[in-house]
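Engineer: So the protein sequences, as listed, match chains S and Y. Going left to right, the first sequence walks through residues 1 to 360 as my numbering numbers them. Going left to right, the second sequence walks through residues 361 to 666 as my numbering numbers them. Where is the CB? At the ideal position from N, CA and C, for every residue including glycine. Structure provided below as structure tokens; questions to follow.
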Amino acid sequence: MEKDNCLLIRALIDISVVSDFVMSDWDLFIRQARHANLMAKVYCLLKESNLLEKVPQQALLHLQSRYYISDRHSQSAFYEIDEIGKVLSSITVPVILLKGAAYLAQNLRAARGRLFNDVDILVSKKIISTVEKELWKDGWLSFHNDKYDQRYYRKWMHELPPLKHENRGTVLDVHHTILPETAKLKVDVEQLLREVVPVVGFENVYTFSKTDLVLHSATHLFGDGELEHGLRDLSDLDSLMREFSVSSDFWQELVNRATSLNLQRPLFYAMHYCHTILHTPIPVDFFQTFNEKKPNFLLLIIMDNLFKHAFRPDHKSCDSSLTSIARLILYIRSHYLRMPLYLLLPHLFHKMFFSNKEVV
Amino acid sequence: MKVKEIEYSLFKQCLGAEGLFLHIGPFIVKLQSSFTLVAENVYLLYADFTVEVKADFADFHVSVQTPKGVRRWFRPQCLFNFDGFKPFKPLPANHAFVFFEWGLNWCIAQYAHQYLIVHSAVLEKNGKAVILPGVPGAGKSTLCAALSLNGWRLLSDEFALFSLSEKHLTPIPRPVSLKNESVDIIQQLKEGTIFGPLIENTHKGSIALMKPISDYVEASSQTAKPTWVIFPQFKAGATTELTPVMKGEGFMQVKKNCFNYDVLGHRGFEALGQLIEKCDCFDFSYSHLDEALNTFDKLASMSVKS
Chain S
1 MEKDNCLLIR ALIDISVVSD FVMSDWDLFI RQARHANLMA KVYCLLKESN LLEKVPQQAL
61 LHLQSRYYIS DRHSQSAFYE IDEIGKVLSS ITVPVILLKG AAYLAQNLRA ARGRLFNDVD
121 ILVSKKIIST VEKELWKDGW LSFHNDKYDQ RYYRKWMHEL PPLKHENRGT VLDVHHTILP
181 ETAKLKVDVE QLLREVVPVV GFENVYTFSK TDLVLHSATH LFGDGELEHG LRDLSDLDSL
241 MREFSVSSDF WQELVNRATS LNLQRPLFYA MHYCHTILHT PIPVDFFQTF NEKKPNFLLL
301 IIMDNLFKHA FRPDHKSCDS SLTSIARLIL YIRSHYLRMP LYLLLPHLFH KMFFSNKEVV
Chain Y
361 MKVKEIEYSL FKQCLGAEGL FLHIGPFIVK LQSSFTLVAE NVYLLYADFT VEVKADFADF
421 HVSVQTPKGV RRWFRPQCLF NFDGFKPFKP LPANHAFVFF EWGLNWCIAQ YAHQYLIVHS
481 AVLEKNGKAV ILPGVPGAGK STLCAALSLN GWRLLSDEFA LFSLSEKHLT PIPRPVSLKN
541 ESVDIIQQLK EGTIFGPLIE NTHKGSIALM KPISDYVEAS SQTAKPTWVI FPQFKAGATT
601 ELTPVMKGEG FMQVKKNCFN YDVLGHRGFE ALGQLIEKCD CFDFSYSHLD EALNTFDKLA
661 SMSVKS
């Protein structure tokens with residue numbers, strides 16, 4: 001594979017490349033990492049590989065400064081996890097942590113240096129209104145007061161409108177499934193719920209199993225098309241797969257699980273892009289097992305050309321003349337994946353003319 | 361090389377083209393702007409600062425640009441850009457230079473968490489530094505400007521940068537931003553002091569920036585020991601009075617003025633504790649600048665004896 005001209009991607013593939021960085025490389029590297037929201041992660045990678053001493057002081061301060069923030073986010077997330085677990089244990093509803101909070105609770109490498117904008121949890125849809133009421137009593141209030149937004153979330157999305165704690169200001173997303181209700185791809189969430197794993201040291205708190213953590217992350221990125229933090233999310237997947245694949249059965253279990261949940265397509269994309277962009281060591285045989293669930297040859301070429309832009313840091317040093325158009329196409333695709341056109345077009349129309357906020 | 365050692369026309373040309381690397385306190389700021397207002401004012405007010413045409417590293421890559429679209433011609437605007445991020449809405453074009461100042465404040469407050477950052481003026485005498493945390497209207501900048509013209513070394517008009525690792529205050533002696541009536545007061549205080557033009561109708565009122573004395577800029581690398589925290593309160597008719605404040609109360613007051621106390625988590629708590637531990641805290645009410653200056657000088661000389 002050819003060498004990527006993006007320093008950040010090269011460092012994510014193999015962090016030891018920083019040993020050859022000259023000062024101007026550090027300048028660019030910091031800027032790329034900042035735009036990809038990966039500064040703290042890079043700091044952790046450097047620390048784990050005992051490479052911090054290779055970092056010039058001026059650059060180190062920036063990485064460290066961001067690491068402090070991620071450290072603070074983890075501390076605050078742990079606090080919220082504990083609080084939410086307690087609140088919902090009173091109504092004997094298990095809390096399933098998603099995404100960053102799950103990686104953190106299971107002490108996974110993907111959590112190291114990760115920033116949290118919010119805590120995401122999942123509860124069964126049957127009891128979601130009870131959960132909402134219980135959280136409300138504890139001070140978690142919706143800050144989307146717009147009637148349209150409320151309806152958008154409650155009718156079409158896979159989550160309640162985001163909640164904010166009235167004292168602590170932290171944000172909580174309560175999901176009842178992992179994809180919008182209106183999305184083309186459907187997931188049987190009950191199957192996921194049957195395999196959850198308890199979080200040690202917390203009462204009433206669970207996460208998805210290893211395979212399901214990867215599948216959820218892949219689904220979020222490729223099935224729902226949320227690419228705002230493209231490289232960060234791809235790097236999460238890379239970290240998860242690298243860590244879990246220490247167990248020799250992992251890849252087979254992952255593919256089997258994807259088959260039973262009908263999530264082969266997002267998993268294929270996740271494995272394909274982790275492998276091609278971040279060189280995740282995935283045995284080639286497993287790419288063969290997707291057969292007809294793989295995108296066809298032509299589609300894959302198109303997707304490759306779009307995603308190679310989406311997974312670059314959003315910094316001008318990584319842009320080419322096609323970057324903005326590729327991002328736009330993927331943005332439109334993401335909305336199309338989330339909603340059929342007969343819902344999407346009125347939604348965009350509403351957002352454009354009746355709301356001064358950005359499209360959610 | 362100092363800014364003043366470059367010819368203005370060349371300075372303006374470089375700033376408008378690739379941009380220039382300015383050494384501002386502990387930071388290297390790469391500034392690019394084709395606004396004449398920015399070039400003129402940086403040239404005037406940052407005259408004693410070190411500048412490089414080429415450098416390998418900058419902490420902050422910033423520019424003040426003209427936004428795209430019709431506003432280029434119709435009621436022109438300016439826009440602050442931090443390496444592709446645009447954290448603020450555009451402002452009227454006559455704000456171009458203060459936009460750089462405010463934008464740089466934002467960069468520091470958002471990204472320099474190697475320091476506990478307190479919104480305050482910092483000055484030093486005999487190696488001892490006073491921190492003047494500022495709620496708006498308390499007279500922080502006026503007092504800071506007056507002290508800096510009366511033998512107190514200016515470390516900063518805006519930020520106390522308390523280094524988490526070194527536990528001292530790092531200078532960043534940028535131009536002092538004066539608002540409304542304090543512009544006149546300070547202009548009359550000392551002849552020969554250089555001011556930028558008055559910028560009217562900003563969200564903070566009318567603003568003029570005062571050039572820091574060159575010795576202070578020269579001493580940018582000399583850190584100072586935090587010794588006093590003084591909460592100034594300007595009040596017409598008030599008697600000049602320095603009242604001791606309990607350390608616990610001082611801690612809570614300074615915390616309110618911190619930009620990154622919460623972001624730093626336990627590190628913020630520890631750093632602020634260490635800072636307050638080193639300082640005597642006072643409330644300070646005043647209505648006359650000369651009396652205020654006397655009080656500060658007494659404080660400095662008393663502590664020399666003790």
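If the cut is a Cβ gap below 7 Å, which residues of chain Y does Trp26 (chain S) touch?
Structural biologist: Correct list: Phe417.
Engineer: What does DSSP give as the partner residues of Glu601 (chain Y) in its beta bridges?
Structural biologist: Note: Glu601 (chain Y) sits in a beta bridge opposite Y:Ser645.
Engineer: For a quick check, are the C-beta atoms of Gly100 (chain S) and Lys41 (chain S) less than 7 Å apart?
Structural biologist: No, Cβ-Cβ distance for Gly100 (chain S) and Lys41 (chain S) is not below 7 Å.
Engineer: Skipping 5 residues on each side, what residues in its chain have a beta carbon closer than 7 Å to that of Met23 (chain S)?
Structural biologist: Excluding sequence neighbours, Met23 (chain S) sits near Pro56.
Engineer: Throw me the rounded Cβ distance for the Ile477 (chain Y) and Val589 (chain Y) pair, which I believe falls under 8 Å.
Structural biologist: With 8 Å as the limit, Ile477 (chain Y) and Val589 (chain Y) do not qualify as a contact, their Cβ atoms being about 15 Å apart.
Engineer: Tell me which residues share the same chain as Asp517 (chain Y) and place their Cβ nearer than 7 Å to its Cβ, disregarding the 5 neighbours each side in the sequence.
Structural biologist: Once the five neighbours on either side are set aside, the close Cβ partners of Asp517 (chain Y) are Ala481, Ser501, Cys504, Arg534, Val536 and Ser537.
Engineer: Where do the ends of the beta strand (DSSP E) carrying Pro493 (chain Y) lie?
Structural biologist: Note, Pro493 (chain Y): beta strand (DSSP E), Lys488 to Pro493.
Engineer: Roughly how many angstroms separate the alpha carbons of Pro283 (chain S) and Ser260 (chain S), rounded to a whole number?
Structural biologist: Roughly 21 Å separates the two Cα atoms.
Engineer: Taking only beta-carbon atoms, is Gly444 (chain Y) less than 7 Å away from chain S?
Structural biologist: Interface residue, yes.
Engineer: Between Gln437 (chain Y) and Pro452 (chain Y), which are expected to be in contact by the criterion C-beta below 8 Å, what is the C-beta distance as a whole number of angstroms?
Structural biologist: The pair is a contact, with the Cβ atoms about 6 Å apart (cut-off 8 Å).
Engineer: How would you label Gly633 (chain Y), buried or exposed, when you count the other beta carbons within 10 angstroms and need 16 or more for buried?
Structural biologist: Counting Cβ neighbours within 10 Å, Gly633 (chain Y) comes out exposed, since fewer than 16 surround it.
Engineer: How far does the beta strand (DSSP E) with Asn561 (chain Y) in it extend, from its first residue to its last?
Structural biologist: Looking at the DSSP string, the run of the beta strand (DSSP E) that includes Asn561 (chain Y) is Ile559 to Thr562.
Engineer: Could you tell me which uninterrupted beta strand (DSSP E) segments, each at least 3 residues in length, are contained entirely in the stretch 127-194 of chain S, listed from first to last along the chain?
Structural biologist: As far as the stretch 127-194 of chain S is concerned, its whole beta strand (DSSP E) runs of at least 3 residues are 140-142, 163-165 and 171-175.
Engineer: Compile a chain-ordered list of the residues in the stretch 618-641 of chain Y whose CB is closer than 7 Å to at least one CB of chain S.
Structural biologist: Cβ contacts with chain S: Val623, Leu624, Gly625 and Arg627.
Engineer: Might you give, ordered along the chain, the residues of its own chain that have their beta carbon closer than 7 Å to the beta carbon of Leu179 (chain S), omitting 5 neighbours on each side?
Structural biologist: His158, Leu185, Val187, Thr219, Gly223 and Asp224.
Engineer: Glu412 (chain Y) lies in the alpha helix (DSSP H); which residues open and close that run?
Structural biologist: Per DSSP, Glu412 (chain Y) belongs to no alpha helix (DSSP H); it is in the beta strand (DSSP E), Thr410 to Glu412.
Engineer: In this structure, how does DSSP classify Gln425 (chain Y) when only helix, strand and coil are distinguished?
Structural biologist: Strand at Gln425 (chain Y).
Engineer: Check each candidate in S:Arg333, S:Asn50 and S:Arg312 and name the one with the smallest Cα separation from Thr323 (chain S).
Structural biologist: When each option's Cα is compared against that of Thr323 (chain S), the closest is S:Arg312.
Engineer: Please confirm if Val360 (chain S) has its CB atom under 7 Å from at least one CB of chain Y.
Structural biologist: At Val360 (chain S) the pLDDT is 42, less than 50, meaning the model places this residue with poor confidence; the figure from the coordinates comes in the next sentence. Chain Y, which has no Cβ nearer than 7 Å to the Cβ of Val360 (chain S), makes this no.
Engineer: Give the secondary structure of Ser508 (chain Y) by DSSP, where H, G and I count as helix, E and B as strand, and everything else as coil.
Structural biologist: Looking at Ser508 (chain Y) - three-state DSSP - the assignment turns out to be helix.
Engineer: Taking CB distances under 7 Å as the criterion, tell me whether Met23 (chain S) reaches chain Y.
Structural biologist: So yes, Met23 (chain S) belongs to the interface.
Engineer: Using 8 Å as the Cβ pair cut-off and three pairs as the minimum, do the stretch 127-142 of chain S and the stretch 162-175 of chain S touch?
Structural biologist: These segments touch.
Engineer: Quick check on DSSP: helix, strand or coil for Val359 (chain S)?
Structural biologist: Reliability fails at Val359 (chain S), whose pLDDT of 42 lies under 50, so the model's placement of it is uncertain and no value is given.
Engineer: So if I threshold CB-CB distances at 8 Å, which residues from the stretch 313-334 of chain S count as touching chain Y?
Structural biologist: Taking 8 Å as the Cβ-Cβ cut-off against chain Y, the residues of the stretch 313-334 of chain S that qualify are Asp314, His315 and Lys316.
Engineer: Looking only at its chain, what residues have a beta carbon closer than 7 Å to the beta carbon of Arg627 (chain Y), apart from the 5 residues adjacent to it on each side?
Structural biologist: Leu524, listed in sequence order.
Engineer: Out of Y:Val424, Y:Asp622, Y:Leu370 and Y:Phe519, point me to the one whose CA is closest to Asp443 (chain Y)'s CA.
Structural biologist: The shortest Cα separation from Asp443 (chain Y) among Y:Val424, Y:Asp622, Y:Leu370 and Y:Phe519 belongs to Y:Val424.
Engineer: Identify which residue in Y:Lys571, Y:Val422 and Y:Leu391 has its Cα closest to the Cα of Val413 (chain Y).
Structural biologist: Nearest option by C-alpha distance: Y:Leu391.
Engineer: Can you say whether Lys658 (chain Y) is buried or exposed, counting buried as having 16 or more other CB atoms within 10 angstroms of its CB?
Structural biologist: Burial call: exposed.
Engineer: Can you pull the chain Y neighbours of Asp71 (chain S), defined as C-beta to C-beta under 7 Å?
Structural biologist: Residues of chain Y passing the Cβ test: Gly625.
Engineer: Counting only Cβ-Cβ distances shorter than 7 Å, please list the residues of the stretch 471-488 of chain Y near chain S, keeping chain order.
Structural biologist: Here the close residues are Tyr471, Ala472, His473 and Gln474.
Engineer: State the Cα-Cα distance for the pair Val119 (chain S) and Asp173 (chain S), rounded to the nearest angstrom.
Structural biologist: For Val119 (chain S) and Asp173 (chain S), the distance between alpha carbons rounds to 6 Å.
Engineer: Decide if Ser666 (chain Y) is buried, meaning its Cβ has at least 16 other Cβ atoms within 10 Å, or exposed.
Structural biologist: Bear in mind that the predicted position of Ser666 (chain Y) carries a pLDDT of just 47, short of 50, making it too unreliable to give a figure here.
Engineer: Between the Cα of Glu190 (chain S) and the Cα atoms of S:Lys54, S:Asp212, S:Arg242 and S:Ser321, which residue gives the shortest distance?
Structural biologist: When each option's Cα is compared against that of Glu190 (chain S), the closest is S:Asp212.
Engineer: By how many angstroms is the C-alpha of Ser70 (chain S) removed from the C-alpha of Ser645 (chain Y)?
Structural biologist: Straight-line Cα distance between these residues: approximately 40 Å.
Engineer: For the candidate residues Y:Ser566, Y:Asn441 and Y:Phe417, whose alpha-carbon lies nearest to that of Pro427 (chain Y)?
Structural biologist: Cα-wise, what sits closest to Pro427 (chain Y) is Y:Asn441.
Engineer: Just tell me which of Y:Glu560, Y:Gln582, Y:Val605 and Y:Asp640 has its CA closest to the CA of Val458 (chain Y).
Structural biologist: Minimum Cα distance to Val458 (chain Y) is reached at Y:Glu560.
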